[in-house]
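Asks: Handing you a structure now.
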Amino acid sequence: MSTKKEQIDQLITYIIQGIEDIKGNDIEIIDLREIENTVCDYFIVCSGNSNTQVDAIESSVRKVVSKAFQDKPWHVEGLENSQWVLMDYVDVVVHIFQKQIREYYDIESLWGDAKITSIESNY
Numbered sequence: 001m002s003t004k005k006e007q008i009d010q011l012i013t014y015i016i017q018g019i020e021d022i023k024g025n026d027i028e029i030i031d032l033r034e035i036e037n038t039v040c041d042y043f044i045v046c047s048g049n050s051n052t053q054v055d056a057i058e059s060s061v062r063k064v065v066s067k068a069f070q071d072k073p074w075h076v077e078g079l080e081n082s083q084w085v086l087m088d089y090v091d092v093v094v095h096i097f098q099k100q101i102r103e104y105y106d107i108e109s110l111w112g113d114a115k116i117t118s119i120e121s122n123y
């Protein structure tokens, strides 16, 4: 039986795989564990170039995580216009932005005290 931390690490790995399968851009992991009163342990943030790609990234993450964990997000928002889609896996929240919307909201700066890890893509 794996620990909660191991399960979260595996979930993050599968989320990133789902993003990379659709060539999501600028993937970052924001570690919120050292910040008080946060709603989750991690944010995973990425960008798509269009609402079609944002939709495809959401679908890919959902399929990869479902296949690996037999789990689905607790809540999903933003599919109506696909400019900013949020997928809530309780301990990990995924933010999939169109590039200009990500630049506008700049959530990385809002969580400036958090440790941010950039994921290098192979494409």
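Numbered continuously in full-length UniProt numbering, the sequence shown closes out at residue 123.
Note that CB positions come from ideal geometry on N, CA and C, so glycine has one too.
#1: Is DSSP giving Asp-4 helix, strand or coil here?
#2: Determine the extent of the beta strand (DSSP E) in which Thr-117 is found, giving its start and end residues.
#3: Per DSSP, which residues does Tyr-42 bridge with? Please list them.
#4: Taking C-beta to C-beta, are residue 130 and Gly-78 nearer than 8 Å?
#5: Using a Cβ-Cβ cut-off of 8 Å (strictly less than) and excluding sequence neighbours within five positions of Ile-8, which residues of its own chain qualify?
#6: Using DSSP's beta-bridge definition, name the partner residues of Gln-98.
Replies: Looking at the atomic coordinates:
#1: Looking at the sequence shown, residue 4 is not Asp but Lys. Of the three classes helix, strand and coil, the one that applies to Lys-4 here is helix, per DSSP.
#2: 115-119
#3: Asp-31 and Val-92
#4: In the structure as shown, the chain starts at 1 and stops at 123, and residue 130 therefore has no counterpart that could be examined.
#5: Asp-41, Tyr-42, Asp-91 and Val-92
#6: Gly-48
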